[in-house]
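A.B. asks: Per our numbering, residue 9 is the first one in the sequence shown, and the count goes up by one each step.
There's a structure below that I have some questions on.
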Amino acid sequence: MTDNAAPAKAPHAGKKARELNDVIRYTLWSVFRLREVLPEDRTGYAAEVEELFEQLAAKDVVVRGTYDVSGLRA
Numbered sequence: 009m010t011d012n013a014a015p016a017k018a019p020h021a022g023k024k025a026r027e028l029n030d031v032i033r034y035t036l037w038s039v040f041r042l043r044e045v046l047p048e049d050r051t052g053y054a055a056e057v058e059e060l061f062e063q064l065a066a067k068d069v070v071v072r073g074t075y076d077v078s079g080l081r082a
């Protein structure tokens, strides 16, 4: 025998969707070119980027990811 009942909806699912849709977000893709090849030890650079992300988060800027686009061409 098959069960044709509709799946149960999660409680407050509509409320969560409305809250998400009420948030306005903007997107920016910045691409930078290096003047020189980076050294093998990039610990200092990584720490600087982490500090930048923390400063941005304090200003309510969400960084969703970073990407290596060195293999792409315009």
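Where a beta carbon is used, it is the ideal one built from N, C-alpha and C, also for glycine.
Could you tell me how far apart the beta carbons of residue 71 and residue 64 are, in whole angstroms, since I believe they sit closer than 8 Å?
C.D. replies: Your numbering for residue 71 matches position 63 in the sequence shown. Your numbering for residue 64 matches position 56 in the sequence shown. Right, their Cβ atoms sit about 6 Å apart.
A.B. asks: Just verifying my parser: in three-state terms, what is the DSSP assignment at residue 41?
C.D. replies: Residue mapping note: residue 41 aligns to position 33 of the sequence shown, counting from 1. Coil.
A.B. asks: Could you check how far apart the C-beta atoms of residue 77 and residue 39 are, in whole angstroms? I think they sit under 8 Å.
C.D. replies: Taking the first residue of the sequence shown as 1, we reach residue 77 at position 69. Taking the first residue of the sequence shown as 1, we reach residue 39 at position 31. Going by Cβ atoms, the distance from residue 77 to residue 39 rounds to 6 Å, so yes, they are a contact pair.
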